[in-house]
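J.:
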Amino acid sequence: MTIKIGNKVLGDNKPVYIIGEIGINHNGDLNIAKKLIDVAVSAGCDAVKFQKRNPDVCVPEHKKQVKRETPWGYITYLEYKYKVEFGQNDYDEIDKYCQKREIDWFVSCWDTDSVDFISQYNLPALKVASASITDIELLKRIREEKIPVILSSGMSTLDEISNAVNIFKGIPLSLLHCVSTYPAPLHELNLNVIKTFKELFPEVVLGYSGHEVGLATTYAAVALGAKVIERHITLDRSMWGTDQSASIEPHGLRILVDNIRDIENSLGDGIKIVSEGEKLIRDKLRNS
């Protein structure tokens, strides 16, 4: 099974598609967003991803007026969500900058208003966040765009995942195993779900969205068959923000991408042969 995002083909026997999830780690600062795009390009990522919301729709009523400490002072939760939300001018600049840096970009839309907004850009895909997988109205609106969809499965039952996959039947789809805790404890990752998904959903391209600390488990996901990898990225894990501590800093991201390329290069096709290098050694070491 393969799908195409931008000019990249994803799936069996294809390179892993690596997404640097910027999300809201830009803290509403376009300059930080550009620096994170640069980090992703320098590391060799295939794409960066942002999040788009209409806070009036997405923030529950009982939370809107709750006060919290933020870099902008002691403000309501609704005010905070607007502070970290990019608008028209910001996304116009992001679109130009990603074209200049020659990297794919797309977003996870959290409401139908955001799909309407983001549809003005010629994006190669859209993402469905784990929190949105049961929002049927949103999924159907995203389907109307008729572009590839990447679907995260955190916090979801198999029935909920199956229902979402069915909604996108006929649309190029990648399904990501995900555990939605930040950071995710290693004993909860259950990476073998990737193998379960492979049996249950042969029509989709499988992947992994990780929120754990460290890189080893992401390598394991690749070895288990993940062809799309998404990890949150940050300039500094000590920065303010809910996702920063579960994110990868620039040096770690370069290591992650390089090692994924080494892993996929080493996996081979599974057919046991005597390699050309082994033939020379065999002639030296075997007596008969």
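For the sequence shown, my numbering assigns the number 2 to the initial residue and increments by one for each residue that follows. Just so you know, even glycine gets a beta-carbon here, dropped at the ideal spot from N, CA and C.
#1: Near T77, what residues of its chain come up, given a Cβ to Cβ distance below 7 Å and the 5 sequence neighbours on each side ignored?
#2: Grab me the residues of C46's own chain with a C-beta within less than 6 Å of its C-beta, minus the 5 sequence neighbours each way, in chain order.
#3: Determine whether the beta carbon atoms of N335 and V85 lie at a separation below 7 Å.
#4: For K35, collect the residues of the same chain with a Cβ closer than 7 Å to its Cβ; drop the 5 residues on either side in sequence, then sort them by chain order.
#5: So, is E204 buried or exposed, given that buried needs 16 or more other C-beta atoms within 10 angstroms?
#6: Alpha carbon to alpha carbon, how far is S210 from L254? Give it in angstroms, no decimals.
#7: Could you spell out the range, first to last residue, of the alpha helix (DSSP H) harbouring K273?
#8: Thinking C-alpha only, which one of F169, K170 and S153 is nearest V194?
#9: Measuring alpha carbon to alpha carbon, tell me which of Q245, I234, E265 and N266 ends up nearest P251.
#10: Counting pairs of beta carbons, one from the segment 111 to 125 and one from the segment 143 to 159, are three or more of them closer than 8 Å?
#11: Cβ atoms of A247 and Y183: under 7 Å apart, would you say?
#12: N55 and D136: beta carbons closer than 7 Å?
#13: May I ask you to report which of helix, strand or coil DSSP gives A48?
#14: By the three-class DSSP mapping on this structure, what secondary structure does K101 have?
#15: Tell me whether I256 is buried or exposed, calling it buried when 16 or more other Cβ atoms sit within 10 Å of its Cβ.
#16: Quick check on this structure: which residue in P173, G171, I172 and L177 has the alpha carbon closest to the alpha carbon of I162?
#17: Just how far apart, CA to CA, sit P129 and L140?
#18: Considering E62, what are the terminal residues of the alpha helix (DSSP H) in which it resides?
#19: If you scan the segment 117 to 149 from start to end, which runs of the alpha helix (DSSP H) of 4 or more residues do you find wholly inside it?
#20: Evaluate E231 with the Cβ neighbour count: other Cβ atoms within 10 Å of its Cβ, from every protein chain shown; 16 or more gives buried, anything less gives exposed.
#21: Assuming L159 and K196 make a contact with CB atoms under 8 Å, what is their CB distance in whole Å?
#22: Quick one: is A239 buried, meaning 16 or more other Cβ sit within 10 Å of its Cβ, or exposed?
#23: Would a C-beta distance cut-off of 7 Å place Y122 and D96 closer than the cut-off?
T.: Concretely, from the data shown:
#1: K65, Q66, V67 and K68
#2: I19 and G21
#3: No answer is possible for residue 335: the residues shown for the chain start at 2 and end at 289.
#4: Y98
#5: E204 comes out exposed.
#6: 14 Å
#7: First-last for K273: undefined, no H or E at that position.
#8: S153
#9: I234
#10: yes
#11: yes
#12: no
#13: strand
#14: Residue state, collapsed to three classes: helix.
#15: exposed
#16: Looking at the Cα atoms, L177 is the closest of the given residues.
#17: Here residue 129 turns out to be Val, not Pro, going by the sequence shown. C-alpha separation (whole angstroms): 8 Å.
#18: E62: member of the alpha helix (DSSP H) spanning E62 to K65, first to last residue.
#19: 137 to 144
#20: Counting C-beta atoms within 10 angstroms of its own C-beta, E231 has 16 or more neighbours from the protein chains shown and is therefore classed as buried.
#21: About 14 Å; that fails the 8 Å criterion.
#22: Note on identity: in this sequence residue 239 is Ser, with Ala being the wrong assignment. S239 comes out exposed.
#23: yes
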